[in-house]
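Trainee: Please read through the structure below; I'll follow up with questions.
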Amino acid sequence: MDMLKRVADYQLEESMLKWEGTFSDYLMMLKDKPWIAQSAHSRIYHMIKDAGTETSNGRKSYRFFNRHLFGLEEALERLVEEYFHPAARRLDVKKRILLLMGPVSGGKSTLVTLLKRGLEQYTRTDRGAVYAIKGCPMHEDPLHLIPEALREDFFKEYGVRIEGHLSPLNMMRLEKEFGNRIEDVPIERVFFSEDKRTGIGTFSPSDPKSQDIADLTGSLDFSTIAEYGSESDPRAYRFDGELNKANRGLMEFQEMLKCDEKFLWHLLSLTQEGNFKAGRFALISADEMIVAHTNETEYRSFISNKKNEALHSRMIVMPMPYNLRVSEEEKIYEKLILQSDVADVHIAPHTLRTAAVFTVLTRLKEPKRKDINLINKMKMYDGESVEGFGESDVEELKREHSGEGMEGIDPRYVLNRISSTIIKKELTSINALDVLRSLKEGFDQHASISKESREYYLMCISLARKEFDDLAKKEVQKAFVYSYEESAKTLMDNYLDNVESYCHKSKLKDPLTGEEMHPDERLMRSIEEQIGVSENAKKAFREEILIRISAFARKGKRFDYQSHSRLKEAIQKKLFSDLKDVVKITTSSKTPDELQLKKMNEVIARLIDEYGYNSVSANDLLRYVGSLLNR
């Protein structure tokens, strides 16, 4: 019953949003709310802007897209700033078709769907409200009622420019129903809806022999010709084509470049002049954003045909490459899994990351620089710190291959392989090795994977496996080291004492004998080497640690084991290195003694409580790491 009440409340809210009045009432409202007369492109731009923006690492992102599209910040920023923004300001970009070009499952359809759903919601807000001539099948802009000769005066008074002309149907209605009294023409608020074909249109190509141009521009209603006496009477015409219904909003051309030519030529006039031809009428004005999507192969074929030059010049092509950031790819899988029937299956930590590592690697081009390998490039693209390289190196890598991200494995292939693994083996828990194995098995079933690509993808599987091996060892290392927390703190204090002595060029005192000693270089290097601090860089690293200690002291804080992430990692690695034999024995022993069993249970409990494993995946991880250490 609670749900029925909520439905009733929703319907009440919807009814309260409705508005009807005369053109005179509309003009009074326009004085207070000039934004209600904005163009289709302007409405879409402000819909995106009103949702808010965020800036991270110097990159702007739009909240409108954030929960649905991942790793496409650069492409989306370019789309908003180079197309939507200038189009909203009535610049020439407004007269172009937006063509999204990219690989399969790259986010093109998702982007268009977001714009559609967004418009449906936005027209229900005050900022996105749309008003139209009541009873018009094209939801025509009321301002078309203003005569051409008075539009300049109208702009001076209202600050609103009017584009377009009254449609043949409304021209006749104005004369016959309202005696040319524009002030009496009824106006209503309309709400965009793809289902109700209001303000949002979708055209999909089918057999060119059977598909009729009426699907785009409407058609004659032969049953009314006898009543109205002429085929050129607008009342005998059905203004129900996709271009008619998408007026004031958005028109999606699915797989536009597969369309027959006769459907595409209508777009020339619509984009450039804002009108199109239908039946035996004058040109019909339409204000709508046309967005299409295609893949790179079809686009290259299209532009190579000289007959398409006129249409090509009226397009803004926006590349939509695959995401190239591992952390964002993980979010894509999480989203797809939540939408699927496998959402209740336990997925061990690092499983989706490992799959994402493989997928992103398949999309990257080998660096031309010999000092950067593919894994380092992947990490740098994801914003990870790689010693010896900075932001300028990342920009240089991006310039090396301008078309990077247009090829590789798509996200749905990964989800399909995960689903296949779960269903085939009836698993309730999967890990990274299960997924990598399934991805590899699927290559033979993927028709579009060539022999050359398969070899490259197998190399990517191998690299992803090595990355997982490091993560797995690190995970077990952290769980084991926790049981030796005191040892870690002692090792840290010992290291810091030696660093302080080294930097101050002083000596240490032996706590037992009181004898003066030089700093223990061997100890310090054994820790620093764990995180790749070179012999040449050791002095700077130690001085940086000392500066950090001083900064903590000035603030009245104590520098401890958790205070420096890199040093903490080095201590853990050093301790784990010293504990390797213990880990090997504990994880690989078939008949562990009581102490080993206690240690194993402690580690498993920690993996479950702290790191998100369940009992199955925690035991699998320990066995796997044990096998790695025994190699």
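With my numbering applied, the sequence shown covers 28 to 658. Every residue, glycine too, gets a C-beta built ideally from N, C-alpha and C.
1. To which residues of the same chain is I51 closer than 6 Å at the C-beta, ignoring the five residues directly before and after it?
2. Starting from T49 and walking both ways along the beta strand (DSSP E), at which residues does that stretch end?
3. Out of L138, V187 and A375, which one is the CA nearest neighbour of D59?
4. Expressed to the nearest angstrom, what Euclidean distance is found between the alpha-carbon atoms of L454 and D267?
5. Counting only runs that start and end within the region 298-342, where is the alpha helix (DSSP H) found for 4 or more residues in a row?
6. Is DSSP giving F92 helix, strand or coil here?
7. Inspect the beta-carbon positions of P174 and I214 and report whether they are closer than 7 Å.
8. For R481, which residues in the same chain have their Cβ closer than 8 Å to its Cβ, ignoring the five residues on either side in sequence?
9. Give every residue of the same chain whose Cβ lies closer than 7 Å to the Cβ of A64, excluding the five residues on either side of it in the sequence, and list them in chain order.
10. Using the Cα positions of M666 and H339, report the straight-line distance between them to the nearest angstrom.
11. In its own chain, which residues sit with a C-beta less than 6 Å from the C-beta of R265, not counting the 5 before and 5 after it?
12. Are the beta-carbon atoms belonging to G145 and G226 less than 7 Å from one another?
13. In angstroms with no decimal places, state the Cα-to-Cα distance between D371 and S514.
14. Just to confirm the assignment: which complete beta strand (DSSP E) runs, minimum length 3, are found wholly within the region 176-252?
15. Who does Y158 pair with in a DSSP beta bridge?
16. Considering T82, what are the terminal residues of the beta strand (DSSP E) in which it resides?
17. Taking just the CA atoms, how far does L594 sit from R575?
18. Three or more C-beta pairs under 8 Å: does that hold for the region 438-445 against the region 391-398?
19. Using DSSP bridges, identify the partner residues of V344.
20. Which whole-angstrom value is the C-beta distance of M74 and Y149, which I expect to be below 8 Å?
21. With a 10 Å radius around its C-beta and 16 neighbouring C-beta atoms as the bar for buried, classify F182 as buried or exposed.
22. Quick one, are the C-beta atoms of M519 and I598 less than 7 Å apart?
23. Reducing DSSP to helix, strand and coil, say where Y264 ends up.
24. Taking only three categories from DSSP, how would you classify F97?
25. For L535, which three-state DSSP category applies?
26. In whole angstroms, what is the alpha-carbon distance linking P61 and N271?
27. Select from N657, Q299 and A382 the residue whose C-alpha is nearest the C-alpha of S312.
28. Along the beta strand (DSSP E) that carries L277, what are the first and last residues, could you check?
29. How would you write the range of the alpha helix (DSSP H) that N271 sits in, first residue to last?
30. If you draw a straight line from the alpha carbon of F280 to that of L466, how long is it in whole angstroms?
31. Assuming F91 and A102 are in contact, meaning their beta carbons sit under 8 Å apart, how far apart are those beta carbons, in whole angstroms?
32. In the DSSP assignment, find the unbroken alpha helix (DSSP H) run with E527 in it and report its ends.
33. Per the DSSP calculation, I374 is bridged to which residue(s)?
34. Just to confirm, are G306 and E269 a CB contact at a threshold of 7 Å?
35. Is it true that the region 529-540 meets the region 578-585, where meeting means three or more beta-carbon pairs spaced less than 8 Å apart?
36. Assuming L498 and Y408 make a contact with CB atoms under 8 Å, what is their CB distance in whole Å?
Mentor: For this structure:
1. Here residue 51 refers to the residue found at position 24 when the sequence shown is read from its first residue. Here the sequence assigns Ser to residue 51, which means Ile is not the residue at that position. Excluding residues up to 5 positions away in sequence, E210 lie with their Cβ nearer than 6 Å to the Cβ of S51 in the same chain.
2. Looking up residue 49 in the sequence shown gives position 22. Following the DSSP letters along the chain, one finds T49 inside the beta strand (DSSP E) bounded by residues E47 to T49.
3. Position 32 of the sequence shown, counted from the start, is the residue given in the question as residue 59. Taking only the C-alpha atoms, the option nearest D59 is V187.
4. For this step, residue 454 is matched to residue 427 along the sequence shown. For this step, residue 267 is matched to residue 240 along the sequence shown. Linking L454 to D267 through their CA atoms gives a straight-line distance of about 51 Å.
5. Whole alpha helix (DSSP H) segments, 4+ residues: 323-331 and 336-339.
6. Counted from its first residue, the sequence shown places residue 92 at position 65. Reduced to three states, the DSSP call for F92 is helix.
7. As a working note, residue 174 is residue 147 in the sequence shown. As a working note, residue 214 is residue 187 in the sequence shown. The Cβ atoms of P174 and I214 lie no closer than 7 Å to each other.
8. Locating residue 481 in the sequence shown gives position 454, counting from the first residue. Contacts found: F470.
9. For the purposes of this step, residue 64 is taken as the residue at position 37 of the sequence shown. Taken in chain order, the residues that qualify are L57, L170 and V187.
10. Outside the shown range of the chain, which is 28 to 658, sits residue 666, and nothing can be said about it.
11. Here residue 265 refers to the residue found at position 238 when the sequence shown is read from its first residue. So the qualifying residues of the chain are G245, S246 and D248.
12. Residue numbering aside, residue 145 sits at position 118 when the sequence shown is read from its first letter. Residue numbering aside, residue 226 sits at position 199 when the sequence shown is read from its first letter. No; because the gap between Cβ atoms is not below 7 Å, this pair is not in contact.
13. Here residue 371 refers to the residue found at position 344 of the sequence shown. Here residue 514 refers to the residue found at position 487 of the sequence shown. Computed Cα separation, rounded: 39 Å.
14. The region 176-252 contains these whole beta strand (DSSP E) runs: 213-217 and 227-230.
15. Along the sequence shown, one-based indexing puts residue 158 at 131. Answer is R216.
16. Taking the first residue of the sequence shown as position 1, residue 82 is located at position 55. In this chain, the beta strand (DSSP E) harbouring T82 covers T80 to S83.
17. By 1-based counting over the sequence shown, the position of residue 575 is 548. By 1-based counting over the sequence shown, the position of residue 594 is 567. Between R575 and L594, the C-alpha separation is close to 12 Å.
18. No contact exists between the region 438-445 and the region 391-398.
19. The residue you call residue 344 lines up with position 317 of the sequence shown. Here V344 is bridged, per DSSP, to L126.
20. Working through the sequence shown from its first residue, we reach residue 74 at position 47. Working through the sequence shown from its first residue, we reach residue 149 at position 122. Indeed they touch by this definition, with Cβ atoms about 4 Å apart.
21. Locating residue 182 in the sequence shown gives position 155, counting from the first residue. Answer is exposed; the Cβ neighbour count stays below 16.
22. For this step, residue 519 is matched to residue 492 along the sequence shown. For this step, residue 598 is matched to residue 571 along the sequence shown. In contact: M519 and I598 (Cβ atoms closer than 7 Å).
23. To locate residue 264, count along the sequence shown from 1; it is residue 237. Three-state result, Y264: strand.
24. Locating residue 97 in the sequence shown gives position 70, where the first residue counts as 1. Coil, per DSSP.
25. In the sequence shown, the residue the question calls residue 535 occupies position 508. Here L535 sits in strand by DSSP.
26. Sequence index remark: in the sequence shown, residue 61 carries index 34 (1-based). Sequence index remark: in the sequence shown, residue 271 carries index 244 (1-based). Taking the straight line from one Cα to the other gives about 25 Å.
27. For the purposes of this step, residue 312 is taken as residue 285 along the sequence shown, with counting starting at 1. Comparing Cα-Cα distances from S312 to each of N657, Q299 and A382, the minimum goes to Q299.
28. Numbered from 1 along the sequence shown, position 250 holds the residue referred to as residue 277. Start and end: L277 to Q281.
29. For the purposes of this step, residue 271 is taken as residue 244 along the sequence shown, with counting starting at 1. DSSP places N271 inside the alpha helix (DSSP H), whose first and last residues are E269 to K272.
30. Locating residue 280 in the sequence shown gives position 253, counting from the first residue. Locating residue 466 in the sequence shown gives position 439, counting from the first residue. F280 and L466 have their C-alpha atoms roughly 34 Å apart.
31. As a working note, residue 91 is residue 64 in the sequence shown. As a working note, residue 102 is residue 75 in the sequence shown. Your pair F91 and A102 does not check out as a contact, with CB atoms roughly 14 Å apart and the cut at 8 Å.
32. In the sequence shown, counting from the first residue as 1, residue 527 sits at position 500. If you look at E527, you'll find it in the alpha helix (DSSP H) that goes E512 to C530.
33. Start at 1 with the first residue of the sequence shown, and residue 374 comes out as number 347. In DSSP, I374 forms a bridge with I457.
34. In the sequence shown, the residue the question calls residue 306 occupies position 279. In the sequence shown, the residue the question calls residue 269 occupies position 242. Going by C-beta atoms, G306 is not nearer than 7 Å to E269.
35. With a cut-off of 8 Å on Cβ pairs, the region 529-540 is not in contact with the region 578-585, counting fewer than three such pairs.
36. Locating residue 498 in the sequence shown gives position 471, where the first residue counts as 1. Locating residue 408 in the sequence shown gives position 381, where the first residue counts as 1. The Cβ separation is near 18 Å, so there is no contact.
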